[in-house]
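Undergrad:
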Amino acid sequence: MIERSTIVGVATGTADGGVAIVRLSGPRAHAIASALGVEPGEPRRLQLRALFVGGGVEQALVVAMPGPASYTGEDVVELHVHAGSRNVEQIVRACVAAGCVPAEPGAFTRRAFEHGRMSLEQAEGVAALIGAKTQAAVDQARRLIGGELGRDVDVVSDRIAELRAEIEARLDFPEDVDAPDVARWQEELAAVTKILRQWQGRYDAGARARTRPRVVLAGPPNAGKSSLFNALVGYARAIVTPQPGTTRDYVEAEVEFGETACVVVDTAGIRDASDAIERAGVERSHEQVAGADHVLWLEAGDAAEEVALRPSGLERGITVEYVETKRDLGERRPSWRGVSSHDAASVQALRKWLQARVASDATQAWIGLLRHRDATAQALVELEAASLRFSGLELVAFHLGLAQARLGEIRGRSSLGPVGEDVLRRIFERFCIGK
Ligand SMILES: Nc1nc2c(ncn2[C@@H]2O[C@H](COP(=O)(O)OP(=O)(O)O)[C@@H](O)[C@H]2O)c(=O)[nH]1
Ligand SMILES: [Mg+2]
Numbered sequence: 009m010i011e012r013s014t015i016v017g018v019a020t021g022t023a024d025g026g027v028a029i030v031r032l033s034g035p036r037a038h039a040i041a042s043a044l045g046v047e048p049g050e051p052r053r054l055q056l057r058a059l060f061v062g063g064g065v066e067q068a069l070v071v072a073m074p075g076p077a078s079y080t081g082e083d084v085v086e087l088h089v090h091a092g093s094r095n096v097e098q099i100v101r102a103c104v105a106a107g108c109v110p111a112e113p114g115a116f117t118r119r120a121f122e123h124g125r126m127s128l129e130q131a132e133g134v135a136a137l138i139g140a141k142t143q144a145a146v147d148q149a150r151r152l153i154g155g156e157l158g159r160d161v162d163v164v165s166d167r168i169a170e171l172r173a174e175i176e177a178r179l180d181f182p183e184d185v186d187a188p189d190v191a192r193w194q195e196e197l198a199a200v201t202k203i204l205r206q207w208q209g210r211y212d213a214g215a216r217a218r219t220r221p222r223v224v225l226a227g228p229p230n231a232g233k234s235s236l237f238n239a240l241v242g243y244a245r246a247i248v249t250p251q252p253g254t255t256r257d258y259v260e261a262e263v264e265f266g267e268t269a270c271v272v273v274d275t276a277g278i279r280d281a282s283d284a285i286e287r288a289g290v291e292r293s294h295e296q297v298a299g300a301d302h303v304l305w306l307e308a309g310d311a312a313e314e315v316a317l318r319p320s321g322l323e324r325g326i327t328v329e330y331v332e333t334k335r336d337l338g339e340r341r342p343s344w345r346g347v348s349s350h351d352a353a354s355v356q357a358l359r360k361w362l363q364a365r366v367a368s369d370a371t372q373a374w375i376g377l378l379r380h381r382d383a384t385a386q387a388l389v390e391l392e393a394a395s396l397r398f399s400g401l402e403l404v405a406f407h408l409g410l411a412q413a414r415l416g417e418i419r420g421r422s423s424l425g426p427v428g429e430d431v432l433r434r435i436f437e438r439f440c441i442g443k
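For what it's worth, the working numbering labels the leading residue of the sequence shown as 9, then goes sequentially.
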């Protein structure tokens, strides 16, 4: 048997800051640490040690977490050292000189999966947590890591296994199979099919909640878009002038409305422009409107003319909200919501109103990621094939077996064995080094 390598990586996010953690994992973790002067001593207790590096001495707090009860399932040693990219880099190099291999992205978590410390969807939860951009994404990732999806998958998979076992037990005695049996099996099959369909139906809500909604401010020139944008962002991010056509390109900034972090986008005023640069800007405004989750269509309360090209959003299911700006100057569209960027209270009221609109309905969200949805879809294909084959029970059992295998891929192993190397590589290369 080939001995596994011992890997080293920086576990902390950036090399700057107060402390950096250099993590070693593998059979020689202890020996390599000892060779550098940081003999870990009693497991799971931080010890202050002198680390010999680069001809000098670095004070390090050292902790050993022996396998298999460690994150990776292997012997792990962590060196808590002073942060600073040069210092940390030198320590990593010293570990490599002493026999470590530099860790590939996601190598620690991959080892955790390979040693059965977590299943594949939990490992994906770790990556999702690191990349989380919204509070909902953080919540969902934590639930994935906690094994919630895995448990749900197991429940369905066990039900399919039982159904399949019952059918297989009768294959040799088809004459004993009576109509009530078949009806019961079909009912059970329909029940598990329904659960998987529900997961699929709730996937989009989950995916939406994981991304920051785009709130696009659009409207004719001089409507006060940039002023409202600045008021929402909290500082003068976009240029404001009385001159129509000032904003030539879109500008975006992250703004939190309550719990929901959004990307708010200021755009160039939409009109028939004669100037080529302005026309290009208007084109981009249309693109932003098309790619929005929410459009705030703004027109000024003192604007003389009516605008012909108001978007409806109906084509694409975008929500378009009509808001009248510069209400301090006039009110021409009483049915619209009003705001004045020069009045903090009215901006605050708009903010509160937006908060309710952008909040995603987390109760509908499924925590499964794209790969999990695809595996579910493939399992559904097999269940549907099974449901059509009750004239020949072998085929029902066969398709149920395939459905189980598809669901097993979510957790990373199925009756056909662990998922392929290509799948694993694709998943773990998205991680950062040291995780
Ligand atoms: N009185 C008043 N003037 C505003 C308000 N919002 C914007 N303006 C003015 O209207 C002009 C155009 O504003 P701007 O934000 O650049 O509009 P944009 O072209 O839609 O981006 C500027 O002179 C602003 O000071 C408002 O709420 N009240
Ligand atoms: Mg502008």
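Cβ coordinates follow ideal geometry from the N, Cα and C atoms, glycine included.
No experiment lies behind these values; they were computed from the predicted model shown.
1) Provide the residue span of the alpha helix (DSSP H) that contains Phe237, from first to last.
2) So, using beta-carbon positions, are Asp301 and Arg222 closer together than 8 Å?
3) Counting contacts by CB-CB distance shorter than 8 Å, is Val271 in contact with chain C?
4) By a C-beta neighbour count over all protein chains shown, 10 Å radius and 16 as the cutoff for buried, is Glu313 buried or exposed?
5) Please report the straight-line C-alpha distance between Tyr258 and Val272, rounded to a whole angstrom.
6) If we count the other Cβ atoms within 10 Å of its Cβ and call it buried at 16 or more, is Ile435 buried or exposed?
7) For Leu212 and Arg53, what's the separation of their Cα atoms in angstroms?
8) Report yes if the CB atom of Val89 is closer than 8 Å to the CB atom of Leu59, and no otherwise.
9) Grab the span of the beta strand (DSSP E) containing Gln194 for me, first residue to last.
10) Taking the beta strand (DSSP E) that Gly64 belongs to, which residues open and close that run?
11) Buried or exposed for Arg159, going by 16 or more other Cβ atoms inside 10 Å?
12) Is Val297 helix, strand or coil when you go by DSSP?
13) When burial is assigned at 16 or more other CB atoms within 10 Å of the CB, is Pro182 buried or exposed?
14) State buried or exposed for Gly299, treating a residue as buried only when at least 16 other CB atoms are found within 10 Å of its CB.
15) Ala357 to Ala239, Cα distance in whole Å?
16) By alpha-carbon positions, which one of Val164, Ala244 and Val46 ends up nearest to Gln1?
17) Would you call the CB atoms of Val27 and Ala91 closer than 8 Å?
18) With 16 as the cutoff for other CB atoms within 10 Å, does Asp180 come out buried or exposed?
19) Cβ of Asp336 within 7 Å of any heavy atom in ligand 1?
20) From Leu408 to Ile153, what does the alpha carbon distance come to, in whole angstroms?
21) Look up His302 in the DSSP assignment and give the residues it is bridged to.
22) For Arg94, which of Ala140, Val18, Pro35 and Gln130 has the nearest alpha-carbon?
23) To the nearest angstrom, how far is the alpha carbon of Val366 from that of Ser127?
24) Could you say which of Glu262, Leu204, Arg279 and Ala231 lies nearest to Gly309 if we only look at CA atoms?
25) Does the region 413-422 come within contact of the region 126-146, defined as at least 3 CB pairs closer than 8 Å?
26) Am I right that Leu225 and Leu304 are in contact with their C-beta atoms under 8 Å? What's the rounded C-beta distance?
27) If you compare alpha carbons, which of Ile285, Arg245, Tyr243 and Thr268 is closest to Gly253?
28) For Phe60, which residues does DSSP report across the bridge?
29) Quick one: complete beta strand (DSSP E) runs, 3+ long, within the region 136-194?
30) Does the distance between the C-beta of His294 and the nearest non-hydrogen atom of ligand 1 fall short of 7 Å?
31) Please work out which residues of its chain come closer than 7 Å, Cβ to Cβ, to Arg119, disregarding the five sequence neighbours upstream and downstream, and give them in chain order.
TA: Let me spell this out:
1) In the sequence shown, residue 237 corresponds to position 229, counting from 1. Per DSSP, Phe237 belongs to the alpha helix (DSSP H) from Lys233 to Val241.
2) Translated into positions along the sequence shown, residue 301 becomes position 293. Translated into positions along the sequence shown, residue 222 becomes position 214. Less than 8 Å divides the Cβ of Asp301 from the Cβ of Arg222.
3) Although the question refers to chain C, the structure presented lacks it and comprises just one protein chain.
4) Position 305 of the sequence shown, counting from 1, holds the residue named residue 313. So Glu313 counts as exposed.
5) By 1-based counting over the sequence shown, the position of residue 258 is 250. By 1-based counting over the sequence shown, the position of residue 272 is 264. Taking the straight line from one Cα to the other gives about 10 Å.
6) Along the sequence shown, read from residue 1 onward, the residue named residue 435 stands at position 427. Classification for Ile435: buried.
7) In the sequence shown, counting from the first residue as 1, residue 212 sits at position 204. In the sequence shown, counting from the first residue as 1, residue 53 sits at position 45. At residue 212 the sequence reads Asp, which differs from the Leu that was named. Each residue's alpha carbon lies about 45 Å from the other.
8) Indexing the sequence shown from 1 puts residue 89 at position 81. Indexing the sequence shown from 1 puts residue 59 at position 51. Remark: C-beta atoms of Val89 and Leu59 approach each other more closely than 8 Å.
9) The residue labelled residue 194 in the question sits at position 186 within the sequence shown. Premise fails: Gln194 lies in the alpha helix (DSSP H), Ala187 to Arg218, not in any beta strand (DSSP E).
10) Along the sequence shown, read from residue 1 onward, the residue named residue 64 stands at position 56. Residues Gly64 to Met73.
11) What you label residue 159 is simply residue 151 of the sequence shown in a count that begins at 1. Answer is exposed; the Cβ neighbour count stays below 16.
12) Taking the sequence shown and counting its residues from 1, the one referred to as residue 297 is at position 289. It is helical.
13) By 1-based counting over the sequence shown, the position of residue 182 is 174. Answer is exposed; the Cβ neighbour count stays below 16.
14) Locating residue 299 in the sequence shown gives position 291, counting from the first residue. Gly299 is exposed by the Cβ-count criterion.
15) What you label residue 357 is simply residue 349 of the sequence shown in a count that begins at 1. What you label residue 239 is simply residue 231 of the sequence shown in a count that begins at 1. Cα to Cα, Ala357 sits roughly 12 Å from Ala239.
16) As displayed, the chain neither begins before 9 nor continues past 443, which places residue 1 out of reach and without an answer.
17) Numbered from 1 along the sequence shown, position 19 holds the residue referred to as residue 27. Numbered from 1 along the sequence shown, position 83 holds the residue referred to as residue 91. In contact: Val27 and Ala91 (Cβ atoms closer than 8 Å).
18) Along the sequence shown, one-based indexing puts residue 180 at 172. So Asp180 ends up on the exposed side.
19) Sequence index remark: in the sequence shown, residue 336 carries index 328 (1-based). Because some heavy atom of ligand 1 lies under 7 Å away, the Cβ of Asp336 counts as near it: yes.
20) On the sequence shown, position 400 is the one that residue 408 refers to. On the sequence shown, position 145 is the one that residue 153 refers to. Each residue's Cα considered, the two are about 28 Å apart.
21) Counting from one through the sequence shown, the residue named residue 302 turns up at place 294. DSSP, once it has assigned bridges, lists Val223 and Thr327 as partnering His302.
22) What you label residue 94 is simply residue 86 of the sequence shown in a count that begins at 1. If we check each option's Cα against that of Arg94, Val18 comes out closest.
23) Numbered from its first residue, the sequence shown carries residue 366 at position 358. Numbered from its first residue, the sequence shown carries residue 127 at position 119. Taking the straight line joining both Cα atoms gives about 33 Å.
24) If you number the sequence shown from 1, residue 309 lands on position 301. Gly309 has its Cα closest to that of Ala231, out of Glu262, Leu204, Arg279 and Ala231.
25) yes
26) Here residue 225 corresponds to residue number 217 of the sequence shown, with the count starting at 1. Here residue 304 corresponds to residue number 296 of the sequence shown, with the count starting at 1. With a Cβ gap of about 5 Å, Leu225 and Leu304 count as contacting.
27) What you label residue 253 is simply residue 245 of the sequence shown in a count that begins at 1. The shortest Cα separation from Gly253 among Ile285, Arg245, Tyr243 and Thr268 belongs to Ile285.
28) To locate residue 60, count along the sequence shown from 1; it is residue 52. Its beta-bridge partners are Val65.
29) none
30) Here residue 294 refers to the residue found at position 286 when the sequence shown is read from its first residue. Between ligand 1 and His294, a heavy atom-to-CB distance of less than 7 Å is absent.
31) Residue numbering aside, residue 119 sits at position 111 when the sequence shown is read from its first letter. For Arg119, where only same-chain residues beyond five positions count, the Cβ hits under 7 Å are Ser33, Thr80, Gly81 and Glu82.
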